[in-house]
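As structure tokens, the structure follows; a few thoughts come after it.
There are 2 protein chains.
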Amino acid sequence: MLKALFLVLLPTVMVFAQNQDSIFIKKIYDETLAKGEAYDNLRVLCKSIGPRLSGSTGAKKAVEYTKKVMESYGFDKVFLQDVTVPHWTRGSKEEAYFIKDGKKINVPIAALGGSVASSKSGLMAEVIEVQNFKELKDLGEQKIKGKIVFFNRPMDPTKINTFEAYGGAVDQRGGGASQAAQYGAVGVIVRSMNLRNDDFPHTGSMRYAGGGMIPAAAISTNAANELSRTLKSHPRTQFYFKQNCQTLADAPSHNVIGEIIGSEKPEEIIVVGGHLDSWDLAEGAHDDGTGCMQSIEVLRTLKALGYKPKRTIRVVMFMNEENGLKGGTTYADVAEKKKEKHLYAIESDSGGFTPRGFGIVGNDNQVNALTAFKPLLSPYGLHEIGRGSGGADIGPLAKTGTVIIGFKPDSQRYFDYHHASNDTFETVNKRELELGAASMAALVYLLDNLN
Amino acid sequence: MLKALFLVLLPTVMVFAQNQDSIFIKKIYDETLAKGEAYDNLRVLCKSIGPRLSGSTGAKKAVEYTKKVMESYGFDKVFLQDVTVPHWTRGSKEEAYFIKDGKKINVPIAALGGSVASSKSGLMAEVIEVQNFKELKDLGEQKIKGKIVFFNRPMDPTKINTFEAYGGAVDQRGGGASQAAQYGAVGVIVRSMNLRNDDFPHTGSMRYAGGGMIPAAAISTNAANELSRTLKSHPRTQFYFKQNCQTLADAPSHNVIGEIIGSEKPEEIIVVGGHLDSWDLAEGAHDDGTGCMQSIEVLRTLKALGYKPKRTIRVVMFMNEENGLKGGTTYADVAEKKKEKHLYAIESDSGGFTPRGFGIVGNDNQVNALTAFKPLLSPYGLHEIGRGSGGADIGPLAKTGTVIIGFKPDSQRYFDYHHASNDTFETVNKRELELGAASMAALVYLLDNLN
Numbered sequence: 001m002l003k004a005l006f007l008v009l010l011p012t013v014m015v016f017a018q019n020q021d022s023i024f025i026k027k028i029y030d031e032t033l034a035k036g037e038a039y040d041n042l043r044v045l046c047k048s049i050g051p052r053l054s055g056s057t058g059a060k061k062a063v064e065y066t067k068k069v070m071e072s073y074g075f076d077k078v079f080l081q082d083v084t085v086p087h088w089t090r091g092s093k094e095e096a097y098f099i100k101d102g103k104k105i106n107v108p109i110a111a112l113g114g115s116v117a118s119s120k121s122g123l124m125a126e127v128i129e130v131q132n133f134k135e136l137k138d139l140g141e142q143k144i145k146g147k148i149v150f151f152n153r154p155m156d157p158t159k160i161n162t163f164e165a166y167g168g169a170v171d172q173r174g175g176g177a178s179q180a181a182q183y184g185a186v187g188v189i190v191r192s193m194n195l196r197n198d199d200f201p202h203t204g205s206m207r208y209a210g211g212g213m214i215p216a217a218a219i220s221t222n223a224a225n226e227l228s229r230t231l232k233s234h235p236r237t238q239f240y241f242k243q244n245c246q247t248l249a250d251a252p253s254h255n256v257i258g259e260i261i262g263s264e265k266p267e268e269i270i271v272v273g274g275h276l277d278s279w280d281l282a283e284g285a286h287d288d289g290t291g292c293m294q295s296i297e298v299l300r301t302l303k304a305l306g307y308k309p310k311r312t313i314r315v316v317m318f319m320n321e322e323n324g325l326k327g328g329t330t331y332a333d334v335a336e337k338k339k340e341k342h343l344y345a346i347e348s349d350s351g352g353f354t355p356r357g358f359g360i361v362g363n364d365n366q367v368n369a370l371t372a373f374k375p376l377l378s379p380y381g382l383h384e385i386g387r388g389s390g391g392a393d394i395g396p397l398a399k400t401g402t403v404i405i406g407f408k409p410d411s412q413r414y415f416d417y418h419h420a421s422n423d424t425f426e427t428v429n430k431r432e433l434e435l436g437a438a439s440m441a442a443l444v445y446l447l448d449n450l451n
Numbered sequence: 001m002l003k004a005l006f007l008v009l010l011p012t013v014m015v016f017a018q019n020q021d022s023i024f025i026k027k028i029y030d031e032t033l034a035k036g037e038a039y040d041n042l043r044v045l046c047k048s049i050g051p052r053l054s055g056s057t058g059a060k061k062a063v064e065y066t067k068k069v070m071e072s073y074g075f076d077k078v079f080l081q082d083v084t085v086p087h088w089t090r091g092s093k094e095e096a097y098f099i100k101d102g103k104k105i106n107v108p109i110a111a112l113g114g115s116v117a118s119s120k121s122g123l124m125a126e127v128i129e130v131q132n133f134k135e136l137k138d139l140g141e142q143k144i145k146g147k148i149v150f151f152n153r154p155m156d157p158t159k160i161n162t163f164e165a166y167g168g169a170v171d172q173r174g175g176g177a178s179q180a181a182q183y184g185a186v187g188v189i190v191r192s193m194n195l196r197n198d199d200f201p202h203t204g205s206m207r208y209a210g211g212g213m214i215p216a217a218a219i220s221t222n223a224a225n226e227l228s229r230t231l232k233s234h235p236r237t238q239f240y241f242k243q244n245c246q247t248l249a250d251a252p253s254h255n256v257i258g259e260i261i262g263s264e265k266p267e268e269i270i271v272v273g274g275h276l277d278s279w280d281l282a283e284g285a286h287d288d289g290t291g292c293m294q295s296i297e298v299l300r301t302l303k304a305l306g307y308k309p310k311r312t313i314r315v316v317m318f319m320n321e322e323n324g325l326k327g328g329t330t331y332a333d334v335a336e337k338k339k340e341k342h343l344y345a346i347e348s349d350s351g352g353f354t355p356r357g358f359g360i361v362g363n364d365n366q367v368n369a370l371t372a373f374k375p376l377l378s379p380y381g382l383h384e385i386g387r388g389s390g391g392a393d394i395g396p397l398a399k400t401g402t403v404i405i406g407f408k409p410d411s412q413r414y415f416d417y418h419h420a421s422n423d424t425f426e427t428v429n430k431r432e433l434e435l436g437a438a439s440m441a442a443l444v445y446l447l448d449n450l451n
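Respectively, the protein sequence lines represent chains E and U. Going letter by letter, the first sequence gives residues 1 to 451 in the UniProt record's numbering. Going letter by letter, the second sequence gives residues 1 to 451 in the UniProt record's numbering.
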């Protein structure tokens, strides 16, 4: 009898709770879409501060600005966390061309982050095209020595999720220089990680791992196509590039943190964040100004609605995702050392595009608990909730048992702008940005009320 | 025994069929994403032809161009269908301003399609702001007579689907002039149907239905905001606008049709289409160049893959969706008269944005048959498949028993460009456009193989 009663009551209680949740989630979206401030905040970050590579003046200003914004919203605590970051600078504008029929064909180029400079007068050598490391190895020292290696394998356009296409091509950028140096190459140029054909070179991090330290740079997809065509008819084409980037001493910097303290379980923390640093070429709008401003907006929205979280909700703007991940690793180290109890960490670092869902890193139970939110979130276009990838900055928190959650916007346009000078405020749609913020706020609300 | 065997075999057969479908759908996406031509075709339509309002030279060129493109693809039949269309012209550039503290404040303005001209010297009158027809009625003739009525109810930003927000505001544009004329207004200006605050006036159709025929125009959202603020402090503000649009005699035009003839049931037709006309202010990229070029791409893709459809697959580029729907109504009338058997009609007329799903108009069985495709289509981001709205041009086909299906891309950015001069080729993302085309091709393939 009791069991039967329980079985009758349970669905009613659940439906009631779901209705309450559904009503509150609607309030979240209404607040963010009608009164959201993320877009205006992003404008300041992009237009008044602009590029903010770790160690730069821009990065410092971004720390000060976002701290000030969070203080103005009256969060319970706003503070900085010390982080020591690498400090790489591009130096003066790079130059590149190749010679075709006696004429210079100029090439849009950008040194890869972490690369060494060329000699002061630049580097001129025969260029040889390869598609992958296997082909490089097969050509070997005999064919490679003394040459500039041109990695030209495009991102695969048939991948529906463009991050998969990125994953299938980015080894050329990250490891191409070290691989080529093993066979005596004197420099490396890499086709930009971009699915479009255009004139923007896309920078990004590279690393030296054995072999010599030879200069490495990205060239635009249009230039890569033209160079490749030229090499078919002129296999001994000479390529020239000059760059004077350098790695300076590590610099002091900060993660920027704000929080609303939990009313019932203040020691349990839910993190929502993005990374504050950007590459030096652009305003870092989609990468990752949007993630930072969405994260602040999550807390602003919950506070504006008078919501008193049970757990502590913490915004973290991580420093140095692009070329070191020192913000993410430092944050996790401190959390571990202080024995902080991080339940969930959500990151937005895939652009400020229209929401698609969340990717979860956790055990089956944890993943199932989140996929159970689907009926509440799908009316907002969040259909893709399940096992997936989280976020670079929050990844290190996994060692503390935290469930890692990546906000997943639509991926189609991301690599049009990624790490290039056209990653500007103008490419961000206000509603798409706000829907992302509201989606994260809705998830934070649901997680705060779980168990 | 037989029945049991059937029950054992049936799921196996279904799984096998699903696997075959899944493999072919992947081929469709691969072809369109790697070798698609919709983007290049759209560039020609937008950049070499441009605006193509019914009756204009642009519309005529667009008919010739798209016929030529389909002929070049070697479809089984390519032909024109006669359509008589309204012919409205904007005339020379409109002008508008209001007077504040003795100064002219210029206002970006665009006559609404179908509106009459102002007098040659323009119209100057006191302006009065209203939010809706109820408020207009309450003010009545005493407050309205001799004035310009300013309809300023914004699209509701809290609607997740922006077409809902459009539906909730567009009565002001369509019927505002007639409503205001009843109370003696001398002109009407309407806040643009746009969720952003910017400087683009968005035109669109209006109709006179009783009352006098007074001139009507859209003003930009920024101007609407400024005018509204001004009216709070200066309630007797004078507004001036001048427009010399006119309605000419109806003109001859065409629907453009191409088809691959069915190999098993050629008399059964599946239509896929968009509308070829656009408003005169812009290139008509998202409205609806993308829908036309996606529809052609559906047939190009199926043909490139060597697919022999069982039914006849027909592309229709409808003329005159924007200000008359003569293409859609004529097409349906002819189909009915000829007793053509149209099974399904799919239209893309919500922009070339990342795909979300399909909206279906049909009975429960028909809707259920399509929602059953979800497992095959959701890997491509098509989650929202169910009862919904179809498309203006294919709507009239419902009378012949056709299932009406609207392709549903993400709606967030559509009204940034809709009917305004910024609806240009540059705002279209190649991959999003192609994913839409592939989504429609996949659905056509599944429908062709249904039953």
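Glycine included, C-beta positions come from ideal geometry on N, C-alpha and C. If you're wondering where the values come from, they're calculated on a predicted model, not measured in any experiment.
- Could one say the Cβ of E/Ile160 lies closer than 8 Å to chain U's Cβ atoms, at least one of them? yes
- Where does E/Ala332 land, buried or exposed, given buried means 16+ other C-beta within 10 angstroms? buried
- Is there at least one Cβ from chain U nearer than 8 Å to E/Thr329's Cβ? no
- Task: Just the chain U side, please: which residues come within less than 7 Å of E/His286 by C-beta, in chain order?
- Result: None at all; the shortest Cβ gap to chain U is about 13 Å.
- Task: For the alpha helix (DSSP H) holding U/Asp333, just list the boundary residues, first then last.
- Result: From DSSP, the alpha helix (DSSP H) with U/Asp333 extends over 326 to 337.
- Hey, quick one: how far does the beta strand (DSSP E) through residue 479 of chain U stretch, first residue to last? Past the edges of chain U, shown from 1 to 451, lies residue 479 of chain U, and the structure says nothing about it.
- Apply the 10 Å Cβ neighbour rule to E/Met213 and answer buried if 16 or more other Cβ atoms are within range, or exposed otherwise. Per the 10 Å Cβ criterion, exposed.
- Message: Taking the beta carbon of U/Arg191 as the centre, do at least 16 other beta carbons fall within 10 Å, making it buried, or is it exposed?
- Response: By the neighbour-count criterion, in which a residue is buried when 16 or more other Cβ atoms sit within 10 angstroms of its Cβ, U/Arg191 is buried.
- Start-end ranges of the alpha helix (DSSP H) lying completely within the segment 43 to 124 of chain U, minimum 4 residues: Within the segment 43 to 124 of chain U, the runs of alpha helix (DSSP H) that reach at least 4 residues and sit entirely inside it are, in chain order, 57 to 72.
- Item | contact_flag[the segment 391 to 405 of chain U, the segment 169 to 180 of chain U] where n(CB pairs < 8 Å) is 3 or more | In this structure the segment 391 to 405 of chain U does not touch the segment 169 to 180 of chain U; the number of beta carbon pairs closer than 8 Å is below three.
- Query: Cα-Cα, which of E/Asp410, E/Tyr307, E/Pro375, E/Val298 is closest to E/Gly352?
  - Reply: E/Asp410
- Query: CB-CB under 7 Å to U/Leu5, same chain, minus the five flanking residues each way: which ones, in chain order?
  - Reply: Confidence in U/Leu5 is poor, its pLDDT being 47 and thus under 50, which makes the residue's placement unreliable; the coordinate value appears in the next sentence. Closer than 7 Å at the Cβ level, and outside the excluded window around U/Leu5, lies no residue.
- When DSSP labels each residue in this structure, what does E/Leu376 get in the three-state scheme? helix
- Neighbouring residues, chain U, relative to E/Gln412 (Cβ below 8 Å): Thr354, Asn429, Arg431, Glu432, Leu435
- Query: Just curious, the beta strand (DSSP E) that E/Phe318 is in, first and last residue?
  - Reply: 311 to 318
- Task: Would you list the residues sitting across from U/Phe241 in a DSSP beta bridge?
- Result: U/Ala96, U/Leu123
- Message: Considering just the uninterrupted stretch of the beta strand (DSSP E) at residue 454 of chain U, what are its terminal residues?
- Response: Only positions 1 to 451 of chain U appear in this structure, which leaves residue 454 of chain U out of reach.
- Which partner residues of E/His275 appear in the DSSP bridge assignment? E/Phe318
- Query: If contact means a Cβ-Cβ distance below 9 Å, which residues of the segment 38 to 49 of chain E contact chain U?
  - Reply: none
- List the residues that DSSP assigns as beta-bridge partners of U/Arg387. U/Ile360
- Query: In its own chain, which residues sit with a C-beta less than 8 Å from the C-beta of E/Gln366, not counting the 5 before and 5 after it?
  - Reply: Ile360, Val403
- Message: Going by DSSP in three states, U/Pro266 sits in which element: helix, strand or coil?
- Response: strand
- In terms of alpha-carbon separation, which member of E/Arg207, E/Ser295, E/Ala285, E/Ser233 lies closest to E/Ser258? As written in the sequence, residue 258 of chain E is Gly, which differs from the Ser given in the question. Looking at the Cα atoms, E/Ser295 is the closest of the given residues.
- Query: Using 8 Å as the limit for Cβ to Cβ distance, is U/Gly58 near chain E?
  - Reply: no
- Item | Residue span of the beta strand (DSSP E) that contains residue 506 of chain E, given as start and end | Given that chain E is displayed from residue 1 to residue 451, the structure contains no residue 506 of chain E and the question cannot be resolved.
- Task: Tell me where the alpha helix (DSSP H) around U/Ile260 begins and ends.
- Result: That residue, U/Ile260, is in no alpha helix (DSSP H); its beta strand (DSSP E) goes 246 to 260.
- Query: Using a C-beta cutoff of 8 Å, does E/Leu443 count as contacting chain U?
  - Reply: no
- Query: According to DSSP, which residues form a beta bridge with U/Phe151?
  - Reply: U/Val130, U/Val190
- Task: Would you tell me roughly how many angstroms separate the C-alpha atoms of E/Tyr208 and E/Asp423, rounded to the nearest one?
- Result: As the crow flies, the alpha-carbon of E/Tyr208 is around 27 Å from that of E/Asp423.
- Item | Min CB distance U/Pro409 to chain E below 8 Å | no
- So what does DSSP say about U/Met353, is it helix, strand or coil? In the sequence under discussion, the amino acid at residue 353 of chain U is Phe, which differs from the Met named in the question. Secondary structure of U/Phe353 (DSSP, three-state): coil.
- Which of helix, strand or coil DSSP assigns to U/Ile214: Secondary structure of U/Ile214 (DSSP, three-state): coil.
- Message: Between the alpha carbons of U/Gln131 and U/Ala180, how many angstroms are there, rounded?
- Response: 12 Å
- Query: Where E/Asp156 and E/Ser389 are concerned, what is the direct C-alpha to C-alpha distance, given to the nearest angstrom?
  - Reply: 20 Å
- Query: E/Ala62: which of E/Ile260, E/Arg236, E/Met440, E/Gly289 sits nearest, CA to CA?
  - Reply: E/Gly289
- Query: Do you know offhand how far U/Asn222's Cα is from U/Glu336's?
  - Reply: Cα to Cα, the separation comes out at about 47 Å.
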